[in-house]
Amino acid sequence: MRQEDLEMLLFKNALEIVLAFDDKGLITYGNAAAQQKLEYGEELCGQSIGNIFPGAFETNADGWKITCPVGGEICRMTAYRKNQTCFPTDMKVVPAGETGHFLCMANDVLEKEFLSRELDQVKEETEAAMRVKSEFVANVTHELRTPVNGILGHVKELIPQETDKKKLRGLNMIEHCCVEMNKLINNILDFSKLEAGKFALEPRRFHFRNMIDYVVANHKGRITEKGLDFFITVSPGVPEYIVADELRIVQIINNLLSNAQKFTSMGKITLEVIKTSRMKDSIELFFLVSDTGIGIDPKDQDKLFQSFSQVDASISRKYGGTGLGLSICRQLVELMGGTIHVESLKGKGTTFSFSVWVGRDPEAEDAGMEEESDELPKPVNFFADNAEEEAEEDRVYDSPANREMLKKTLSKLILSVEMENWEKAEMFMETIRQLTTDAPQDVSRAVLRLKMAVQKENYEKISTGIETMRTLVDAQEDLDVGKT
């Protein structure tokens with residue numbers, strides 16, 4: 503096929519309008535799309551190009567002239583149909599050789615503009631709906647907080663005055679529920695603010711190690727009652743004072759430590775803080791929160807930082823949670839110029855790491871007091887009974903350390919059952935299960951029966967099961983004494 507024939511075939515079947523006109527402005531060719539869209543049919547040839555694009559061609563004393571750019575430049579022009587109705591086009595005019603003829607090619611953008619307007623309208627409506635939703639959520643959470651705090655305040659006043667054991671258990675349960683409700687309200691409120699773009703950091707100067715002490719005190723009770731070790735390491739390179747949003751850094755660390763405590767039945771939890779970089783008036787702090795808990799399968803880790811997402815449904819049923827905590831942490835970390843990551847193996851534990859950029863303390867700089875050492879100190883276990891016994895015990899069923907922890911956990915289990923705190927009871931039951939993983943068959947069966955009783959909240963069977971477990975543990979100790 504000749505080049506000329508190929509070009510003509512392409513023009514003829516093109517979806518865009520293709521017109522050819524001579525030096526007098528008369529159309530000499532119009533492809534099928536031009537004949538159809540301009541509604542001239544075969545009468546298109548012989549028409550003046552100025553009738554089709556009056557904005558691009560003008561009539562003057564010499565006949566006519568082109569007022570639009572000639573070459574490869576695209577311009578927006580209005581095309582007129584035979585009945586004088588019009589539609590917008592993207593059009594360009596190019597010379598057709600040296601004969602004084604020209605080619606005009608134009609795309610109908612009416613549908614494109616209509617869809618664009620529709621899209622803009624949908625976008626505006628969606629944004630408006632999001633604003634209304636965010637404002638509604640914020641208002642509702644504020645309204646919920648008032649009655650919850652009212653209930654919590656009254657309960658706290660009643661607890662010291664109550665002497666009836668059964669009523670005291672009920673008041674303690676109400677207090678626990680109010681505290682958990684406040685956590686959910688705060689998460690939802692933070693999430694709605696972040697989604698609406700109305701969240702703002704409030705940096706100020708504060709004492710970093712005092713903040714860490716506060717975090718440690720906040721988690722001490724819950725971690726020690728599970729029999730877990732808690733190690734804290736703060737690099738000497740971290741300044742004594744920094745400038746940042748203390749509340750939000752505490753919020754992130756609290757969330758990660760709460761998750762570590764929630765999903766760890768035995769072993770340890772570690773918090774490390776290191777200064778990793780310094781640029782002018784800012785430093786980068788790197789935090790690691792590690793645990794020896796249930797771990798996360800690598801294929802599920804991408805779900806962790808998504809809003810309202812849990813790794814699987816059983817997690818939310820067993821441990822609770824909205825799936826908002828880690829999503830909020832990610833957004834807060836990014837607001838502070840950092841990133842957050844997770845490394846985990848199922849059944850082996852999890853490590854969350856995040857970095858934030860904070861301001862250096864101007865007062866310390868003026869006094870020349872900023873520490874520059876990056877030497878890492880040994881981790882400190884704040885809650886170990888003996889600092890020299892911080893090494894991990896070999897957790898096998900017939901080891902003395904394992905039996906001692908098992909007896910302590912059984913005592914905590916019966917206490918939780920008496921207080922009707924079934925969430926903690928299931929938590930201690932999971933610890934007992936792990937402590938008896940390689941136990942003899944009679945112990946394993948007793949653990950299974952005890953677990954079923956806890957799930958059914960059967961107080962009598964739980965008491966019987968705990969006594970059975972204690973008898974089996976004592977028998978193992980007598981057996982060890984006989985061997986020695």
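Residues in the sequence shown are numbered consecutively from 503, following the working numbering. A virtual CB, placed ideally from N, CA and C, is assigned to each residue, including glycine. Bear in mind that the values here come from a model prediction, so they are computed numbers and not experimental data.
Annotation: the continuous beta strand (DSSP E) that includes residue 852 extends over 851 to 862.
The straight-line gap separating the alpha-carbon atoms of residue 803 and residue 766 is approximately 17 angstroms.
In this structure, residue 589 sits away from residue 622, with a CB-CB distance that is not shorter than 8 angstroms.
By the CB criterion at 8 angstroms, residue 975 and residue 917 fall outside the cutoff. Taking the Cα positions, residue 517 is about 15 angstroms away from residue 531. Just measuring C-alpha positions, the residue of 538, 541, 569 and 539 sitting nearest residue 552 is 569. Sixteen is the threshold: since fewer than 16 other Cβ atoms of the shown chains lie within 10 Å of the Cβ of residue 576, the residue is exposed. Going by beta carbons, residue 607 and residue 519 fall inside the 8 angstroms limit.
The straight-line gap separating the alpha-carbon atoms of residue 857 and residue 835 is approximately 7 angstroms. A straight-line Cα-Cα distance of about 22 angstroms links residue 771 and residue 739.
For residue 756, the uninterrupted alpha helix (DSSP H) segment begins and ends at 748 to 764.
In this structure, the alpha-carbon of residue 950 lies about 32 angstroms from that of residue 683.
For residue 763, same chain residues with a beta-carbon under 6 angstroms away, outside a window of 5 residues either side, are 724 and 725 in chain order. Pairing residue 971 with residue 953 gives a Cβ-Cβ distance that is not under 8 angstroms.
Residue pairing by DSSP puts residue 845 in a beta bridge opposite 853. With the rule of 3 Cβ pairs closer than 8 angstroms, the stretch 743 to 751 does not count as touching the stretch 923 to 937.
Judged by DSSP secondary structure, residue 927 falls within the alpha helix (DSSP H) whose first and last residues are 924 to 937. Taking C-alpha positions only, residue 679 is separated from residue 655 by approximately 13 angstroms.
Each of 540, 597 and 545 was checked against the Cα of residue 583, and the nearest Cα belongs to 540. For a cut-off of 8 angstroms, the C-beta gap from residue 693 to residue 798 is around 22 angstroms, too long to register as a contact. Counting other Cβ atoms within 10 Å of its Cβ, residue 793 reaches 16 or more and is therefore classed as buried. Here residue 937 is not near residue 781, since their CB atoms are 8 angstroms or more apart. Assignment of residue 616 by DSSP, reduced to helix, strand and coil, places it in the helix class.
Minimum Cα-Cα distance from residue 666 among the listed residues 774, 948, 686 and 921 corresponds to 921. Looking at the DSSP output, residue 788 sits in a beta bridge with 776 and 857. Setting aside the 5 residues that flank it on each side, residue 660 is surrounded in the same chain by 673, each with a C-beta closer than 8 angstroms to its C-beta; the list follows chain order. Where residue 710 is concerned, the enclosing alpha helix (DSSP H) starts and stops at 710 to 726. In the three-state DSSP reduction, residue 559 falls in the strand class (E or B).
In this structure, the beta-carbon distance from residue 744 to residue 650 does not fall below 8 angstroms. Secondary structure of residue 514 (DSSP, three-state): helix. Here residue 706 is bridged, per DSSP, to 746.
Beta bridge pairing from DSSP links residue 580 with 590. From the listed residues 544, 547, 755 and 939, the smallest Cα separation to residue 716 is found for 755. For residue 727, the closest alpha carbon among the candidates 526, 914, 979 and 736 is that of 914.
For residue 607, the uninterrupted beta strand (DSSP E) run begins and ends at 604 to 610, by DSSP. Around the CB of residue 578, fewer than 16 other CB atoms lie within 10 Å, so the residue is classed as exposed.
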